[in-house]
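Here the sequence shown stands for residues 6 to 298, numbered as in the numbering used here.
We put the beta carbon where it would ideally sit given N, CA and C, even for glycine.
All values reported here derive from a predicted model rather than from experimental measurement.
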Amino acid sequence: MFIERFIRYLQFEKRFSPHTVTAYKKDLDQFSEFIVSVEPELLKITHQHIRTWIVKLMDQGIEARTINRKISALRSFYKFLQREELIENSPMIHVRAPKIPKRLPVVITEQKMDILLDAKDVFSNDFTGIRDRLVIELLYGTGMRLAELVNLSDNDINVYEQQIKVLGKRNKERIIPISNSLAKLIGDYKLQKLSRNFDNKSSTLIVTNEGKNVYPKFIYRTVNLVLSFISTHDKKSPHILRHSFATSLLNRGADLNAIKELLGHSSLAATQVYTHNSVERLKSIYKQAHPKA
Numbered sequence: 006m007f008i009e010r011f012i013r014y015l016q017f018e019k020r021f022s023p024h025t026v027t028a029y030k031k032d033l034d035q036f037s038e039f040i041v042s043v044e045p046e047l048l049k050i051t052h053q054h055i056r057t058w059i060v061k062l063m064d065q066g067i068e069a070r071t072i073n074r075k076i077s078a079l080r081s082f083y084k085f086l087q088r089e090e091l092i093e094n095s096p097m098i099h100v101r102a103p104k105i106p107k108r109l110p111v112v113i114t115e116q117k118m119d120i121l122l123d124a125k126d127v128f129s130n131d132f133t134g135i136r137d138r139l140v141i142e143l144l145y146g147t148g149m150r151l152a153e154l155v156n157l158s159d160n161d162i163n164v165y166e167q168q169i170k171v172l173g174k175r176n177k178e179r180i181i182p183i184s185n186s187l188a189k190l191i192g193d194y195k196l197q198k199l200s201r202n203f204d205n206k207s208s209t210l211i212v213t214n215e216g217k218n219v220y221p222k223f224i225y226r227t228v229n230l231v232l233s234f235i236s237t238h239d240k241k242s243p244h245i246l247r248h249s250f251a252t253s254l255l256n257r258g259a260d261l262n263a264i265k266e267l268l269g270h271s272s273l274a275a276t277q278v279y280t281h282n283s284v285e286r287l288k289s290i291y292k293q294a295h296p297k298a
């Protein structure tokens, strides 16, 4: 009952994205399923109970990053219970999150992306090929998130001003400039889309071959397939293109605050992870080029 109230609070008051709400609910349901055998009453849970759950997750080999996400969901949940005056103190104040080992974002180099986008045999000239190219170029050319691309509508594109309006996390809008080539590609795609005479009107810019709204798994599969031409990484996700976008900007001297705004990060700390990639690149160049390296 308390979890359902919290989820409604996230949906209608905090206006979290459906993806975030689903993740919170999944984590809290998992916690509830474990804890019911120890302490059936959620309001009587102590930090020892929560630590026991965390230890179990670690024993199962679950990554620290995933565990921290679950802990974050619990912190928000118990803060909500305090707000509702259902509990006096949160048990989370005595719970420490496990340390996350530093992991640099996986990126695809500019050279490889140029090879991919210049290749003649990757994208066909029909609706499917132009759409798949647009998916890649939108993600790589704007750094937008998967969910942002899925929800992008025709009305969000201003080809003449060469900019895109993106609705990010917490319903925050931001404007991202686009290149001449990307603006032209969007125009070509819209003409292809119009020529298909889809009966059902889609609300999204990117649609399936049947003219229906795309969904996250559709975009993920498209990106995975296209990136397999140039990348041997196990992970070939839309987020890698977002990382590549940010790293390319930083390597070319873009201001970190500007990158933060383009990515829609709420704090500079989230953007600073890309500086590590650039430092590693500089080290590599130094070792290759400097006579004393």
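Please list the terminal residues of the continuous beta strand (DSSP E) segment that includes residue i.
i       : result
Val-41  : Taken as a continuous stretch (DSSP letters only), Val-41 belongs to no beta strand (DSSP E), as it is neither H nor E.
Arg-175 : Where Arg-175 is concerned, there is no enclosing beta strand (DSSP E), given that its DSSP letter is neither H nor E.
Alpha carbon to alpha carbon, what distance is there between residue j and residue i?
i       : j       : result
Lys-75  : Leu-33  : 8 Å
Lys-61  : Pro-296 : 52 Å
Gln-53  : Asn-156 : 42 Å
Leu-268 : Arg-150 : 8 Å
Glu-90  : Leu-48  : 11 Å
Arg-136 : Lys-241 : 18 Å
Gly-173 : Thr-209 : 15 Å
Tyr-279 : His-248 : 8 Å
Met-6   : Pro-23  : 20 Å
Thr-133 : Ile-105 : 40 Å
Asp-239 : Leu-122 : 21 Å
Pro-103 : Asp-193 : 49 Å
Ile-224 : Ala-274 : 28 Å
Gln-293 : Glu-115 : 19 Å
Arg-80  : Asp-64  : 22 Å
Leu-254 : Asp-260 : 8 Å
Arg-226 : Asp-119 : 21 Å
Glu-153 : Val-171 : 6 Å
Arg-101 : Thr-237 : 36 Å
In chain order, what residues of the same chain have a beta carbon less than 7 Å from the beta carbon of residue i, not counting five sequence neighbours either side?
i       : result
Phe-85  : Phe-11, Tyr-14
Val-26  : Ile-12, Leu-15, Gln-16
Ile-40  : Ile-50, His-54, Trp-58
His-270 : Thr-276
Ile-183 : Gly-146, Thr-147, Gln-167, Gln-168, Ile-169
Pull up the DSSP beta-bridge partners for residue i, would you.
i       : result
Asn-218 : Val-212
Asn-163 : Gln-168
Pro-308 : The structure shown does not extend to residue 308, since the chain is modelled only from 6 to 298, so the question has no answer here.
List the endpoints of the continuous alpha helix (DSSP H) containing residue i.
i       : result
Lys-243 : For clarity, residue 243 is Pro in the given sequence; the question names Lys instead. Run containing Pro-243: 243-256, per the alpha helix (DSSP H) assignment.
Lys-117 : 115-123
Gln-53  : 52-64
Glu-266 : 261-268
Glu-9   : 7-13
Glu-153 : 151-155
Thr-71  : 69-88
Thr-276 : 273-276
Glu-142 : 132-147
Apart from the five residues on each side of it in sequence, which residues of its chain come closer than 8 Å, Cβ to Cβ, to residue i?
i       : result
Tyr-83  : Ile-92, Ser-95, Pro-96, Met-97
Phe-234 : Leu-121, Ala-124, Val-127
Ser-158 : Ser-208, Thr-209, Leu-210
Asn-185 : Gln-167
With a CB to CB cut of under 6 Å and the five nearest residues on each side skipped, what residues in its chain are close to residue i?
i       : result
Ser-289 : none
Lys-302 : Given a span of 6 to 298 for the chain in the structure shown, any question on residue 302 remains unanswerable.
Leu-246 : Leu-144, Tyr-145
Thr-252 : Val-112, Tyr-279, Asn-282
Does the segment 214-223 touch the segment 159-177, meaning 3 or more C-beta pairs lie closer than 8 Å? They do not touch, by the three-pair rule.
For the segment 194-202 and the segment 173-183, state whether three or more C-beta atom pairs, one from each stretch, are separated by less than 8 Å. Between the segment 194-202 and the segment 173-183, the count of Cβ pairs shorter than 8 Å is below three; the stretches do not touch.
Counting Cβ pairs closer than 8 Å, one from the segment 126-144 and one from the segment 262-276, do we hit at least three? No, the segment 126-144 does not touch the segment 262-276.
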